[in-house]
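So in the UniProt record's numbering, spot 8 of the sequence shown is number 8, and the numbers just go up one at a time.
To keep things clear, I will list the structure first and then write my remarks on it.
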Amino acid sequence: MSMENGEDFWVQYYDGSTWHTVAAYARGTDFNNNTFYNKKVYIDEANYNFPTNLKIRFMNDASGNRDDVYIDEIRVSAK
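Following this line, the structure appears as C-alpha cells:
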C-alpha cells in the first residue's frame with residue numbers, strides 16, 4: 001500500500017437505489033501504509049433498508065495506479 005496522506009477509501013452499502021458511505025478511512029488519520037488493522041463496520045437495519053439486492057463495495061480516491069488497499073477476512077452476518 002502506498003497511499004499518500006489524506007487519500008482515503010470507503011465502505012459503501014447499496015440499499016436498492018442509492019449508495020451510502022458507512023465507513024471512511026483516511027491515510028495519516030485512520031491508517032498508515034504497511035500496517036495491519038482490524039476494523040468492524042456495522043450496517044444497522046434501523047438506519048438502512050435491507051433489500052434482496054443489497055450490495056457492499058470498497059472504493060478509494062487514490063492518486064496513482066499503485067495506491068492499493070488490501071482487504072482480507074471479511075465476514076458478513078445478520079442478527
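The beta-carbon is built from N, C-alpha and C at its ideal position, and this holds for glycine as well.
Here the structure is a predicted model, which is why all the values come from computation and not from measurement.
Using DSSP with H/G/I as helix, E/B as strand and the rest coil, what is residue i?
i, result
"Y13", "strand"
"K39", "coil"
"D8", "strand"
Let's test the definition: count the other Cβ atoms within 10 Å of the Cβ of residue i and tell me whether it reaches 16, buried, or not, exposed.
i, result
"D11", "Asp is not the amino acid found at residue 11; the sequence shown has Val there. The residue in question, V11, is buried, as its Cβ has 16 or more Cβ neighbours within 10 Å."
"F58", "exposed"
Just curious, the beta strand (DSSP E) that residue i is in, first and last residue?
i, result
"Y70", "It is not in any beta strand (DSSP E) - Y70 carries neither H nor E in the DSSP assignment."
"F50", "Neither: F50 is in no beta strand (DSSP E) and is coded neither H nor E."
"A24", "W19 to A26"
If you draw a straight line from the C-alpha of residue i to the C-alpha of residue j, how long is it?
i, j, result
"E73", "D44", "21 angstroms"
"Y14", "H20", "6 angstroms"
"F9", "A26", "7 angstroms"
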